[in-house]
Every structure is written in C-alpha cells, then in structure tokens.
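Asks:
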C-alpha cells in the first residue's frame, strides 16, 4: 500500500485494485491507473477538508464512489453553477456517526464505518483489500485554552467515547490530528488514540504546515513511547510504502 501526503489532512492510499482519497482540498494529486476504483472520502464541509472539485476527479475513473459526512450538501442548482454533473450525486453515500455501509464498486468490496466527530461531520474506518484504514477528519480532543471548563470537559468525554469504540483494533494506516494551535494540549487526542489502538503507521495531520510539531510531540512521554508507530509528514507529495 502506497500512502501519499497531500497537505494538511489530505492523504491518498493506493492499493492493488483501488485508491482511497481522504479530505483532499489542495495540493498536487498523483496520477493513478484509470482502471483502479477511486473511493473519495470527505469527512465534513469545512473548507480545509472539502473541495467541490473532488467531484470532478473521477472523470478518469469509470469506477468511482464518494463517501461524505452528512453535513455536506449537494444541491443540483449549486452543482450546475460549479459546472458539475448533478447525476454524480448518485455515486455519493452520506454517513452520520454510528452508520456502517458495505458495497461493491468496480469489483472492489469496501466496508465504511463512521464515528461522530467532536467538531463537524464524521471520522472514517475503511476496510478493503484486507486493509483497515482510519481517517479522523476533525474528530479530536479539542482542548482550547480560555474555553469554559465545562466545554473542555465535554470535549474530553465525547472524544474518549468515540475512540473507545476502536479499542484494541489494529489499523494498517491511521491519520490522526496533531494540531499545534492547541498549545501544550496539542497531543491529547493523539495520546489517547495511540493508547487505545494498535498499528505501525500513524500519520499526524491537521498540522497547518507546522511540521516541527511532530518533533515536539515525539519529545513528549507518549511520543517517545510510541515513536516507532509515528510517521513524519514534512511536505506535500511525500510517499511511504507500508
């Protein structure tokens, strides 16, 4: 499986029969064989996670499918204004937290489960071709300095509740927020995810191009304990074979 970092929270995972594209909104995309099934995921409507142009990316891929958080709205008038074919909506599956769908697209069997975000939309657990992949979207332990204590307590409770659904599960690749804007609390969500799950390739994201934040995290107690699991995004277009 080839992982490509596209910037911010955007990643692609290329497998033998299909390509999974997560939360793309900018950056240069690789060219994949047109014969591969293209599975496009957008966790929610925030502009740093969703670019409407992803609805044009499938033009080279006759076999394609979209999985969107249920806050993403696709009105036919809006689609026509953007030069999009409204019939593409038939290829879109929307998910809310707690929903699981199984389908076959172009011979590829895929199972997608959604967790409820602590911000907007959903996180995805995707199973296909014997691989299990997690993309958090904006599901994170958002602890902001200056926020009311009850707000930060709510965030902790609900983040842990969702991640506990993954307890003991193993992922071939996981994409998890490590947002440096949170200051000293920026690693809380990553810490808890690493504690609860297994897997050898965890990719920090939502870094706002502050790639030194990964080094700062690796200097923390949890970072040192799980250093062998962490991959280090440093630039758009970076690739890993796992």
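Numbering (UniProt numbering), first residue to last: 1 to 242.
Glycine residues also receive a C-beta, built at the ideal position from the N, C-alpha and C atoms.
DSSP has residue 241 in a bridge; who is on the other side?
Replies: Looking up residue 241 in the chain shown gives position 241. 2, per the DSSP bridge assignment.
Asks: What do you reckon, are the CB atoms on residue 194 and residue 226 nearer than 7 angstroms?
Replies: Numbered from its first residue, the chain shown carries residue 194 at position 194. Numbered from its first residue, the chain shown carries residue 226 at position 226. Taking 7 angstroms as the Cβ cut-off, residue 194 and residue 226 qualify as a contacting pair.
Asks: To which residues does DSSP link residue 134 through a beta bridge?
Replies: One-based indexing of the chain shown puts residue 134 at position 134. In the DSSP output, where bridge partners are listed per residue, residue 134 has 125, 174.
Asks: Got a sec? Which residues, its chain only, sit under 6 angstroms from residue 164 by beta carbon, not counting five neighbours each side?
Replies: By 1-based counting over the chain shown, the position of residue 164 is 164. Contacts found: none.
Asks: What's the C-alpha gap between residue 191 and residue 122?
Replies: Along the chain shown, read from residue 1 onward, the residue named residue 191 stands at position 191. Along the chain shown, read from residue 1 onward, the residue named residue 122 stands at position 122. Between residue 191 and residue 122, the C-alpha separation is close to 20 angstroms.
Asks: Kindly list the residues whose CB is nearer than 8 angstroms to the CB of residue 118, restricted to its own chain and excluding five residues on each side of it in sequence; keep chain order.
Replies: As a position in the chain shown, residue 118 is number 118, starting the count at 1. Once the five neighbours on either side are set aside, the close Cβ partners of residue 118 are 138, 139, 140, 141, 142, 155, 158, 159, 162.
Asks: Give me the residue from 42, 64, 151 with the minimum Cα distance to residue 34.
Replies: Within the chain shown, numbered from 1, the residue matching residue 34 stands at position 34. Here the closest residue by C-alpha is 64.
Asks: Is it buried or exposed, residue 14, if we count other Cβ atoms within 10 angstroms and call 16 or more buried?
Replies: Position 14 of the chain shown holds residue 14. It is buried - the Cβ of residue 14 has at least 16 other Cβ atoms within 10 Å.
Asks: Inspect the beta-carbon positions of residue 167 and residue 201 and report whether they are closer than 7 angstroms.
Replies: As a working note, residue 167 is residue 167 in the chain shown. As a working note, residue 201 is residue 201 in the chain shown. No; because the gap between Cβ atoms is not below 7 angstroms, this pair is not in contact.
Asks: Taking all protein chains shown into account, do 16 or more other C-beta atoms lie within 10 angstroms of the C-beta of residue 10, making it buried, or fewer, making it exposed?
Replies: Residue numbering aside, residue 10 sits at position 10 when the chain shown is read from its first letter. Counting Cβ neighbours within 10 Å, residue 10 comes out buried, since at least 16 surround it.
Asks: Suppose you measure from the CA of residue 84 to the CA of residue 56; what does that come to, to the nearest Å?
Replies: In the chain shown, the residue the question calls residue 84 occupies position 84. In the chain shown, the residue the question calls residue 56 occupies position 56. Rounded to whole angstroms, residue 84 to residue 56 spans 7 angstroms at the Cα level.
Asks: For the stretch 197 to 216 against the stretch 31 to 47, are there 3 or more C-beta pairs whose distance is under 8 angstroms?
Replies: no
Asks: Which same chain residues, not among the five before or five after residue 181, have their C-beta less than 8 angstroms away from its C-beta?
Replies: Translated into the one-based positions of the chain shown, residue 181 becomes position 181. The residues are 208.
Asks: Would residue 4 be called buried (16 or more neighbouring beta carbons within 10 Å of its own) or exposed?
Replies: Along the chain shown, read from residue 1 onward, the residue named residue 4 stands at position 4. Classification for residue 4: buried.
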